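First comes the structure, then the notes that go with it.
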Ligand code: DGJ
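Residue numbers (my numbering): 1199 to 1819.
Structure below.
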C-alpha cells in the first residue's frame, strides 16, 4: 500500500511549471548593476523597494556585498565561487556560523568530501575548504560510495566537534552512519567509524526478500537521510530514515556524541518517531518547549511535498500535522527538499530558516539552495511561503495591520499581468483567483497563466508579513482570456484540487510515467489518484465535456469510480473500473455549467495504487 501523510489535502493552484517559468523570467529580467549594501536592520519593505528599483543580483564577491537571500540562484562565496554545501547543516560557534555540506564539484557521490563555509551574517560565506576529504574515508566509501547530509555538533564535555553523516555504497545498499571528529569547527575532521546505530526487529517486512539484502538482523537497521539535534540540556540526538526509509528513528547520542546511547532501549534511548510513512530529509527544531520535525517524501532527487510533525518530548509521540508549505508549488516544497532548520539569528523564539536543497539530479554540482523564513505560530502552526527574495529583517516586521494593495491590469502583448503598489512593511503578497489562493510573490507583479478561454476571472491581492498578519483584499481586477474555443484540460489551470496521494500531473500519471489505461497509451490528459476532486471554471460557456477515463494498470485489481458534477449536480456516475477495464469514452453535456468537478473515488477496497486518469479530457464550445 502506498502511504502518504498528505491525504485529502486541499491543493491550491497547479502550476509548478508556471512557477519555474516565472523564476526563469525573473532571473532573465535581473541585470547586475552597481552593488548596494543594505544593513540587516533595514526593513524588508525597503529592501524589496531597493531591489525592485535597481534590479540587483545576489552578492558574489568581496567588493559586491548584498544582504539578502535569493532562492534558487547559483549561490557564491565571497571569492565568487559556487557554494558546494548540499544536504548540509549549520553549527553556530560564538558569532560565526559554519555551514557543512556535500561537495559535488566532481559529480555524483560527493567525490571531493565535506565542505565547510563560515559566515557572521548568513549572507557572506567564506570557504573554509574540505574539512573531511573523501580520500580520508574507508575504502568502500572512497571511490564509488556516497557521503551525504553531514551535520556537526560541539561536545562541551570533550571539547570536540563531532560530525555525523550518511555513508553508503553507490547503489545505496550499505546505508550506515559515519562519525568523524575535529578539534576545530573548520577541521580537519578525523574519520572514526561507519556503523548502523540501532538493531531492531520490525517484523515481517524485514524478511521481505528485497530487504534481506540489507542484512538488518545482522548489521542493524539501515541509516540514510539524517540530521542531528542538540537540546537545551546538552543531550543530542540523531534523527534518520531507517528500515530502508520506511520509518524515521530518533536516538539519543552517548556522552561524547560519537555513538548512540547504549544499551539502546526503545522508548527510553530511542524511538520510532514516524513509522511506515517513507519519509526522509529530516530536519528538527524546537520552539516554546515543543519539537518540530520536517521531512520529505522519498522520491530520489525529485521534489515532493514536505510534511511536519510536533512532539512534546523528542522521544515521545510525534503527531503529523501535514504540509507546512503554502501557495503555488507547495506540493513540491517549491522544487526543494529539506536539509536543516536554523533558528534565525538574534530573532524571537519561533523564528526559523527552512534550509533546503534544490537538487539538479543530472548535474548535482548545479544543485542550489532554497532558504525560506518562517515563524511558528501560537498553536504550533507553520506556514512556509515562497519568499523568493528576503532578508533577516523579515522577522522584525511586526505591524499589526497592513494596508490593502491597489491592483491594476498591466497586460503586455501576449501576457496577462497584474501589478500593485508596494505596501509598507509587507513581506510578500498572496494572489487570489476567483477567491482561491493562486500564487505568492515578493515583487509587486504577477503573471497569470492557464485561464480557460472566454471565462471571466477575478484577481485580488492580499499583503502579508511573516507573522501571519494580512491586509484586507485589494480591489478586484477581471481578466478574460480571449474567446471560448475547444480546449484540452491539460492546457488550462484547474481552480483547485484535492487527491489522496501524490500530486495532480499533466499528461502523466502521478508516478511520472505516461498515462496508460489497460494497455492503451494517451499522450494528453490529467493524471490523478483517488480520492480526487478537480475543479475547473468553465464560465457557463462550454457545451460538452469528453474524456477517456480509467484506472492505471499498476496493481490492476484495485477499483475506482469516476463521477462528473456540474455546479454541484451529478452529471455522470461511472461503474467500477479496475486496472484491467479498458479506457471508457464519456460525453457529458455541460451547457451553462460554471464549475466542472471531476471526481474519482476508491471502489471501496482502499485507495492503494488507485492512480486514475482523465485522458484527452476536453471541454468543447
Ligand atoms: C534523496 C535523499 O534525500 C538525498 O539525500 C539522496 O540520498 C537522494 N535521495 C539519492 O537519490
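Every residue gets a Cβ at the ideal spot worked out from N, C-alpha and C, and that includes glycine. Bear in mind that the values here come from a model prediction, so they are computed numbers and not experimental data.
Cα-Cα separation between residue i and residue j, rounded to whole angstroms
i            : j            : result
residue 1234 : residue 1322 : For residue 1234, the predicted model reports a pLDDT of 24, less than 50, meaning its position is unreliable; a value from the coordinates is still stated below. Roughly 14 Å separates the two Cα atoms.
residue 1344 : residue 1563 : 14 Å
residue 1660 : residue 1640 : 12 Å
residue 1288 : residue 1506 : 20 Å
residue 1342 : residue 1365 : 11 Å
residue 1760 : residue 1671 : 37 Å
residue 1434 : residue 1450 : 6 Å
residue 1704 : residue 1804 : 24 Å
residue 1806 : residue 1756 : 7 Å
residue 1477 : residue 1470 : 12 Å
residue 1692 : residue 1647 : 11 Å
residue 1320 : residue 1408 : 43 Å
residue 1386 : residue 1380 : 6 Å
residue 1686 : residue 1580 : 37 Å
residue 1354 : residue 1304 : 35 Å
residue 1679 : residue 1536 : 38 Å
residue 1618 : residue 1667 : 18 Å
residue 1460 : residue 1429 : 19 Å
residue 1266 : residue 1400 : 46 Å
residue 1311 : residue 1389 : 12 Å
residue 1701 : residue 1557 : 19 Å
residue 1483 : residue 1681 : 51 Å
residue 1825 : residue 1684 : It is not possible to answer for residue 1825, since the shown part of the chain is limited to 1199 through 1819.
residue 1690 : residue 1725 : 14 Å
Closer than 7 Å: residue i CB and nearest the ligand DGJ heavy atom
i            : result
residue 1499 : yes
residue 1526 : no
residue 1535 : yes
residue 1285 : yes
residue 1423 : yes
residue 1475 : no
residue 1478 : yes
residue 1346 : yes
Min CB distance residue i to chain D below 8 Å
i            : result
residue 1536 : Although the question refers to chain D, the structure presented lacks it and comprises just one protein chain.
CB of residue i within 8 Å of CB of residue j, strictly
i            : j            : result
residue 1554 : residue 1531 : yes
residue 1637 : residue 1504 : no
residue 1519 : residue 1512 : no
residue 1316 : residue 1282 : no
residue 1574 : residue 1625 : no
residue 1813 : residue 1743 : no
residue 1155 : residue 1539 : With the chain represented from 1199 up to 1819, any question about residue 1155 goes unanswered, as that position is not in the structure.
residue 1396 : residue 1369 : no
residue 1707 : residue 1811 : yes
residue 1769 : residue 1819 : no
residue 1285 : residue 1307 : no
residue 1709 : residue 1676 : no
residue 1346 : residue 1587 : no
residue 1772 : residue 1727 : no
residue 1446 : residue 1493 : yes
residue 1614 : residue 1645 : yes
residue 1362 : residue 1373 : no
residue 1496 : residue 1377 : no
residue 1808 : residue 1800 : yes
residue 1480 : residue 1566 : no
residue 1437 : residue 1351 : no
residue 1421 : residue 1440 : yes
residue 1404 : residue 1416 : no
Cβ-heavy atom distance, residue i to the ligand FMN, below 7 Å
i            : result
residue 1481 : This structure does not include the ligand FMN; its bound ligands are the ligand DGJ.
Discussion item. Does the region 1631 to 1643 come into contact with the region 1591 to 1601, if we say contact requires no fewer than three beta-carbon pairs (one atom in each stretch) closer than 8 Å?
Written reply: no
Worksheet entry | Cβ contact check for the region 1714 to 1732 and the region 1541 to 1551: 3 or more pairs under 8 Å | no
Worksheet item: Does the pairing of the region 1600 to 1611 with the region 1644 to 1662 give three or more beta-carbon distances under 8 Å?
Response: yes
Worksheet entry | Length-filtered (3 minimum) beta strand (DSSP E) runs lying within the region 1395 to 1433 | 1424 to 1428
Worksheet entry | Meets three-Cβ-pair contact criterion under 8 Å: the region 1769 to 1787 and the region 1751 to 1759 | yes
Worksheet item: If you scan the region 1260 to 1307 from start to end, which runs of the beta strand (DSSP E) of 3 or more residues do you find wholly inside it?
Response: 1284 to 1291, 1294 to 1301
Worksheet item: Between the region 1787 to 1795 and the region 1727 to 1743, do at least 3 Cβ pairs fall closer than 8 Å?
Response: yes
Discussion item. For the region 1318 to 1336 against the region 1453 to 1466, do three or more pairs of beta-carbon atoms, one drawn from each stretch, fall closer than 8 Å, so that the two count as touching?
Written reply: no
Worksheet item: What are the complete alpha helix (DSSP H) segments, minimum 4 residues, inside the region 1494 to 1536?
Response: none
Worksheet item: Hey, which unbroken runs of the beta strand (DSSP E) at 3 residues or more fall wholly within the region 1563 to 1609?
Response: 1566 to 1573, 1605 to 1607
Item to complete: For the region 1634 to 1714, list the beta strand (DSSP E) runs that are entirely contained and at least 3 residues long, ordered along the chain.
Response: 1634 to 1639, 1643 to 1646, 1654 to 1662, 1675 to 1678, 1694 to 1697
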